[in-house]
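Colleague: Take this structure first; my questions come after.
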Amino acid sequence: MPSNSSKEISFTSKVRVRFTETDPLGIVWHGNYIQYFEDGREAFGRHHGISYLDQQKHNFSSPIVKSTCEHKLPLRYGDVAEIRTTYVDSAAAKMIFRYEIMNPEGKVVCTGETIQVFVELQGELSLVIPDFFKEWKKKVGLLDG
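Quick note, the sequence shown lines up with residues 1 to 145 if you use the UniProt record's numbering.
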């Protein structure tokens, strides 16, 4: 739920490691963690009403302009991992998400962050926060009335 003091909201989703995501030793290939971030971000968006489809309805997309990923422990084929996706509020016209991926034992296996900007579907970068995003921030308690 919204926390006005920290200006962050989160959602936790789960993903089962598929065979095709692993190397010959059954360990998740490092590049797939970015896909898990995407899975978490999509689940967050559906849960909180700010999905890519919601953005498209308002004539916007939000491409990633920066991503970071720090690996700590491996995930293995068959593991069910939790992805905690946290939106970090910003006064700028961008979205910042932080991620923590935990293994079935609850240990952090990977952390990361993505930054996305708003682009009109016709291709123009928005330098101001779009109205639909201001309304969303009000709705979830990140922006006062």
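Don't be surprised by glycine CBs; every beta carbon is placed ideally from N, CA and C. From a predicted model like this one, the values you see are computed outputs, not experimental measurements.
1. Excluding the five sequence neighbours on either side, which residues of its own chain have a C-beta within less than 6 Å of the C-beta of residue 86, listed in chain order?
2. Specify the secondary structure class of residue 20 as computed by DSSP and reduced to three states.
3. Distance, Cα to Cα, residue 14 vs residue 51?
4. Buried or exposed, going by whether 16 or more other CB atoms sit within 10 Å of the CB of residue 65?
5. At the level of alpha carbons, what is the spacing between residue 108 and residue 102?
6. If we ignore side chains and look at the alpha-carbon of each, how far apart do residue 136 and residue 130 end up?
7. Drop a sphere of 10 angstroms on the beta-carbon of residue 17, count the other beta-carbons inside from all chains shown, and report buried for 16 or more, exposed for fewer.
8. For residue 67 versus residue 112, is the C-beta distance shorter than 8 Å?
9. In angstroms with no decimal places, state the Cα-to-Cα distance between residue 119 and residue 104.
10. Tell me, which residues are paired with residue 30 by DSSP?
11. Let me check understanding here. Comparing Cα to Cα, which of 128, 27, 133 and 132 lies closest to residue 75?
Modeller: This is what the structure holds:
1. In the sequence shown, the residue the question calls residue 86 occupies position 86. Excluding sequence neighbours, residue 86 sits near 8, 10 and 98.
2. Counted from its first residue, the sequence shown places residue 20 at position 20. Correct three-state label for residue 20: helix.
3. Within the sequence shown, residue 14 is the residue found at index 14, counting from 1. Within the sequence shown, residue 51 is the residue found at index 51, counting from 1. Roughly 17 Å separates the two Cα atoms.
4. Locating residue 65 in the sequence shown gives position 65, counting from the first residue. Looking at its Cβ environment, which holds fewer than 16 other Cβ atoms inside 10 Å, residue 65 is exposed.
5. Residue mapping note: residue 108 aligns to position 108 of the sequence shown, counting from 1. Residue mapping note: residue 102 aligns to position 102 of the sequence shown, counting from 1. One C-alpha to the other measures close to 4 Å.
6. Here residue 136 refers to the residue found at position 136 when the sequence shown is read from its first residue. Here residue 130 refers to the residue found at position 130 when the sequence shown is read from its first residue. The C-alpha of residue 130 is placed about 10 Å away from the C-alpha of residue 136.
7. Here residue 17 refers to the residue found at position 17 when the sequence shown is read from its first residue. Per the 10 Å Cβ criterion, buried.
8. Locating residue 67 in the sequence shown gives position 67, where the first residue counts as 1. Locating residue 112 in the sequence shown gives position 112, where the first residue counts as 1. Yes.
9. For the purposes of this step, residue 119 is identified with residue 119 of the sequence shown, where counting begins at 1. For the purposes of this step, residue 104 is identified with residue 104 of the sequence shown, where counting begins at 1. Each residue's Cα considered, the two are about 37 Å apart.
10. Locating residue 30 in the sequence shown gives position 30, where the first residue counts as 1. For residue 30, which the question treats as bridged, DSSP gives no partner whatsoever.
11. Mapped onto the sequence shown, residue 75 falls at position 75. Ranking 128, 27, 133 and 132 by Cα distance to residue 75 puts 27 first.
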